[in-house]
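Undergrad:
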Amino acid sequence: MLTIGQVAAYAGVTARTVRHYHAVGLLPEPGRDHSGYRRYGAQAVVDLIRIRVLADAGVPLARVHDLLRADDAEFAAAVAEIDTRLRSEIVERERHRERITRLAAGDSLALPPEGAAYLDRWRALGIPERVVQIERDSWILSLAVYSREEIATAMVNKGRLLDDAEFVDVLRAIGEGIDWEPDDPRLPGLADKVAAVLDRHAEWSGGGSGEMERALVEQFDSIALDSIPAGRRLEALLEERGWSGWTRQKRVRPRGAVDE
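Start counting at 1 in the sequence shown, then tack on 197, and there's your number in the numbering used here.
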């Protein structure tokens, strides 16, 4: 025969828990010996372990009470039902784990798989993180209009520009000037660099079409230009050099032409 402390330790619970199970009618309270102590037999141990396992599995105590009094067939059927529920919960928790992992992954949370690799290449080339984040946010907004497949294809195409050392140098320069004020004397030189790259990659310019696309381009422009104190000034300097727009650059006149 076992004391309450012994049976509690054997079943992996506390003596207080055993007393609670007595109070709610889950576990019959045994009689006391001549010294006034409760003494538990083997069946009490078995029942207590069953109660603990079922309770740990999330079975309400009222249901546990019924199961302890069910016959073998009913008990086996109930256990099979509980097992099915637990398997379903495990699958759901695995989904949550995947989503939590993706939260830590950052870029890949909202972009297609190619997105993280694309932005990591920007970082590997030494492009400042603030510039990378502007690029990332623009691609995320693109998903409001374009499919993930279209975004992935566009990333591959734009990724080819990263093979151009001058293009990468301009991105680094923009990062270095991201906190310049609009009257900074270095801005015209930066505008010259950007315009030179645009001239070399004129095939990337284009006005786009459709009201939704135009609205999206305006959002892209806001993300970039409003993140840079001198952004709007730089945009104006580029227009002086023959290019209008930021996200979708459009040649407004040949380079070197002079307004009449």
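Every residue gets a Cβ at the ideal spot worked out from N, C-alpha and C, and that includes glycine.
1. Helix, strand or coil for W443? Go by DSSP, reduced to three states.
2. Measure the Cβ-Cβ separation of L340 and Q416 and say whether it is below 8 Å.
3. Which same chain residues, not among the five before or five after L434, have their C-beta less than 7 Å away from its C-beta?
4. Under 8 Å by Cβ, that's how I've got Y218 and I248 pegged, so tell me the actual separation to the nearest angstrom.
5. Touching or not, the segment 416-432 and the segment 371-383, by the rule of three or more beta carbon pairs under 8 Å?
6. Express the C-alpha separation of A399 and V391 in angstroms, rounding to a whole number.
7. I'd like the list of long-range same chain contacts for A205, defined as Cβ closer than 6 Å, with 5 residues on each side in sequence excluded.
8. Figure out for me which residue from Y234, D263, S232, M198 has the closest Cα to the Cα of L224.
9. Please check the pair P426 and P379, which I expect to be a contact at CB under 8 Å, by giving their CB distance rounded to whole angstroms.
10. For the pair the segment 346-353 and the segment 311-331, tell me if three or more CB-CB distances fall below 8 Å.
11. Alpha carbon to alpha carbon, what distance is there between A307 and R345?
12. Could you please give the first and the last residue of the uninterrupted alpha helix (DSSP H) stretch that includes S335?
13. Would V367 pass as a contact of V394 if the rule is Cβ separation under 8 Å?
TA: This is what the structure holds:
1. W443: coil per DSSP, three-state reduction.
2. Not closer than 8 Å, so no.
3. Short of 7 Å from the beta carbon of L434, and not among the five residues preceding or following it, lie these beta carbons of its own chain, in chain order: L384, P385, A388.
4. The distance from the Cβ of Y218 to that of I248 is about 6 Å, consistent with a contact at the 8 Å cut-off.
5. Cβ pair count under 8 Å is three or more, so yes.
6. Looking at the two C-alpha atoms, the distance is approximately 12 Å.
7. Excluding positions up to five away in sequence, the list reads T211, A212, V215.
8. By alpha-carbon distance to L224, the top candidate from Y234, D263, S232, M198 is D263.
9. Confirmed, Cβ separation roughly 7 Å.
10. Taking 8 Å as the limit for Cβ pairs, the verdict is that the segment 311-331 does touch the segment 346-353.
11. One C-alpha to the other measures close to 10 Å.
12. Judged by DSSP secondary structure, S335 falls within the alpha helix (DSSP H) whose first and last residues are 326-339.
13. With contacts defined as CB atoms closer than 8 Å, V367 and V394 qualify as a contacting pair.
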